[in-house]
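Following the numbering used here, the numbering of the sequence shown begins with 383 at its first residue and continues without gaps.
Report on one structure; see the data block that follows.
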Amino acid sequence: MTMHDQAPQAGRREWIGLAVIALPCLLYSMDLTVLNLAVPQLSAVLRPSASQLLWIVDIYGFMIAGCLITMGTLGDRIGRRRLLLIGAAAFGLASILAAFAHSAGTLIAARAILGVAGATLAPSTLSLIRNMFLDPRQRTAAIGIWIASFSAGGAIGPLVGGIMLEHFWWGSVFLINVPVMVLLLVLGPMLLPEFRDPNAGRLDFVSAAMSLVSVLAVIYGLKRIAEDGLGWLPIMVILAGMALAGLFLRRQARVAEPLVDLTLFRSRAFSASLTVNILGFFIAFSSFLFTGQYLQLVLGMKPLEAGLWSLPSALGFILGSIFAPRILGSASPAHVMAGGFALTALGFSTLAGISHVEGPMIIVIGTVLLSLGLAPIVTLTTDLVVGSVPPERAGTASGLSETSAEFGGALGIAILGSVLTALYRYQMGLAVPSGVPPEAAAAARDTLGGALTIAKEVAGTTGADLLATARVAFTRSFAITAGLCSAIAVLAGLFAVVMLRGVGGGPDQNGEASGADAAPAPVAR
């Protein structure tokens with residue numbers, strides 16, 4: 383009899399509990415996108431400075447990225463369900479604070495609290511899934527649904543936000559969170575079991591602070607590079623963050639009760655899956671950046687209209703996440719990932735043809751293909767990461783998995799965004815119409831948004847020529863960068879085949895985590 387046959391099967395309670403778990407995950411990703419549509423209204427009411435507006439938009443994602451590792455480990459120590467419920471209560475209260483904020487400073491503080499609370503949701507829910515679904519196939523299916531809930535939140539965020547802003551004030555986009563969190567607080571204690579590491583020691587607050595600052599510094603620096611280009615300040619911030627991360631890892635190897643157990647990285651399934659996850663999000667986030675700019679700045683769509691054209695790709699990600707377990711039944715994880723990256727490469731190759739085929743349909747076809755390809759990759763890497771560690775380390779593994787996704791996404795936006803910008807500036811440097819004043823020409827060469835602004839100010843046909851030139855330059859740059867992403871996807875697929883060859887869907891199949899699928903001992907509820 384195999385380990386798979388011995389694994390207890392999840393019942394109705396666990397599947398209903400999964401539905402409860404999916405609710406905060408949906409809101410987690412909604413809050414990353416829902417604010418974008420509300421920026422014009424809240425800017426008119428709160429009158430934030432340019433710097434304050436940036437922090438209003440960015441602080442939520444920054445705090446999530448910085449706190450994921452700490453929150454994942456904290457869940458192992460105090461209990462995953464307890465941490466989830468604490469986070470849900472904080473998320474609901476911070477949402478009310480944000481909705482009725484009367485100043486930019488208050489809104490920034492509320493968004494920061496939302497980020498800290500949001501950082502409890504993903505690792506708590508994923509580590510609960512690890513303990514609720516001990517059967518590898520059921521666990522993969524549950525993780526697919528878990529990931530689909532994030533995709534659904536990202537897809538409906540702009541739509542729900544648009545509807546709310548049609549009828550209510552800007553703060554209403556935050557009040558959506560409150561009833562869902564109340565529902566989680568009511569149903570969570572009834573449907574979700576409690577798990578924690580019975581041998582966990584005290585939380586190392588020095589390590590937690592080092593983890594927070596190092597991740598925040600790197601993510602902040604990458605984001606500034608993506609928005610403003612290379613500069614000494616973001617590079618120095620990134621280097622400082624990496625140096626602190628090195629000190630953090632050194633401390634983990636020496637302290638008796640580390641925040642992150644470095645022995646987890648000895649598992650090939652764990653370390654290779656984290657790397658594949660980073661590569662997947664590296665190219666995935668860049669596609670969101672490129673297609674959004676193309677739809678709005680080249681085709682001239684409004685944000686809500688652009689969001690509607692982006693819906694098919696979100697649906698593709700949802701379907702790919704849900705059907706990943708069925709695909710895994712006929713192939714190994716390495717080959718499924720290789721096939722997923724091949725489909726992703728085909729999607730980017732389709733987008734690379736955008737300089738020859740104009741219109742939103744090529745965006746839809748390309749992004750649906752790459753979403754269908756990336757979804758099973760994300761599902762399987764997440765499953766391998768949490769499945770290759772003992773149940774008492776599931777919170778730590780979940781936090782590392784989510785941090786790798788945040789890091790990969792930020793790295794992709796910074797590097798590939800810089801590549802696209804450099805290509806755009808090069809082409810604009812060769813093609814700016816002669817009638818454009820030197821200062822205006824310099825602004826037009828900087829970004830496509832700048833070119834659109836200058837084109838409106840330049841009189842006569844020169845402005846129209848500048849606009850057409852800038853859009854062509856961006857489209858060609860988009861096509862070249864998409865081709866580069868296609869090549870990266872092929873290399874990532876080869877990496878997955880080589881590094882994950884022979885690795886199954888869980889520790890029972892690869893033998894790399896002793897006792898990882900033994901039934902955990904839940905604490906008293």
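Cβ coordinates follow ideal geometry from the N, Cα and C atoms, glycine included.
Pairing Pro-707 with Ile-759, the inter-Cα distance amounts to about 11 Å. The Cβ neighbour count for Asp-586, taken over all protein chains shown within 10 Å, is at least 16; the residue is labelled buried. The three-state reading of DSSP puts Ala-787 in helix, counting H, G and I together. Gly-500 has its alpha-carbon roughly 9 Å from the corresponding atom of Leu-409.
Judged by their CB atoms, Ile-836 and Ala-826 are nearer to each other than the 7 Å cut-off. Taking the CA atoms as reference points, Gly-674 sits about 20 Å from Ala-757.
Sixteen is the threshold: when 16 or more other Cβ atoms of the shown chains lie within 10 Å of the Cβ of Leu-725, as they do, the residue is buried.
Bounds of the alpha helix (DSSP H) holding Ile-759 are 742-769. Looking at the backbone, the Cα of Val-439 and that of Gly-487 are separated by about 12 Å.
Shortest Cα-Cα distance from Gly-832 to any of Leu-849, Arg-578, Ala-861, Val-739 involves Leu-849. In this structure Phe-577 touches Leu-510 by the C-beta definition: roughly 7 Å separates them, less than 8 Å.
The beta carbon of Ala-420 sits closer than 7 Å to those of Gly-543, Leu-547, Trp-552, Val-555, all from its chain and outside the five residues before and after it, given in chain order. Assigned with DSSP and collapsed to three states, Asn-581 falls in coil, not helix or strand.
Pairwise C-beta distances place the stretch 487-496 out of contact with the stretch 592-609, as fewer than three of them are shorter than 8 Å.
Phe-664 is positioned such that its CB atom lies no closer than 7 Å to that of Gly-865. Counting the other CB atoms within 10 Å of its CB gives Gln-391 a total below 16, which places it among the exposed residues. DSSP places Trp-552 in the coil class of the three-state scheme, outside both helix and strand. With respect to Ser-703, Ala-530 sits close: the two C-beta atoms are nearer than 7 Å.
Take the alpha-carbon of Gly-448 and the one of Phe-473: they are about 17 Å apart.
Look at the beta carbons and you see the stretch 512-523 not touching the stretch 688-699: under three pairs across the two are nearer than 8 Å. DSSP places Val-840 in the coil class of the three-state scheme, outside both helix and strand. For Leu-516, no alpha helix (DSSP H) encloses it, and the DSSP letter there is neither H nor E. In chain order, Leu-626 place their CB closer than 7 Å to the CB of Val-595, counting only its own chain and leaving out the 5 sequence neighbours on each side.
Rounded to whole angstroms, the gap between the alpha carbons of Gly-799 and Leu-436 is 18 Å. Within a 10 Å sphere around the beta-carbon of Thr-843 sit fewer than 16 other beta-carbons, which makes this residue exposed. Taking a C-beta distance under 7 Å as the contact criterion, Met-881 and Ala-654 qualify as a contact pair. Contact annotation: the stretch 464-478 does not touch the stretch 603-617, with fewer than three C-beta pairs closer than 8 Å. Distances from the alpha-carbon of Leu-508 to those of Ile-451, Leu-621, Gly-536 put Ile-451 closest. The stretch 861-878 makes no contact with the stretch 807-821: fewer than 3 CB pairs, one atom from each, lie closer than 8 Å.
Distance from the Cα of Val-768 is smallest, within the candidate group Thr-522, Cys-407, Arg-459, Leu-400, for Thr-522.
Sixteen is the threshold: since fewer than 16 other Cβ atoms of the shown chains lie within 10 Å of the Cβ of Met-743, the residue is exposed. Sequence-distant partners of Ala-666 (beyond 5 residues in either direction) whose C-beta falls short of 6 Å from its own C-beta, in its chain, are Leu-756.
For Met-683, there is no enclosing alpha helix (DSSP H), as DSSP marks it with neither H nor E.
DSSP places Val-814 in the coil class of the three-state scheme, outside both helix and strand.
Ala-825 carries a helical assignment under DSSP once its states are collapsed to helix, strand and coil. In terms of Cβ geometry, Ile-525 and Thr-761 form a close pair [threshold 7 Å].
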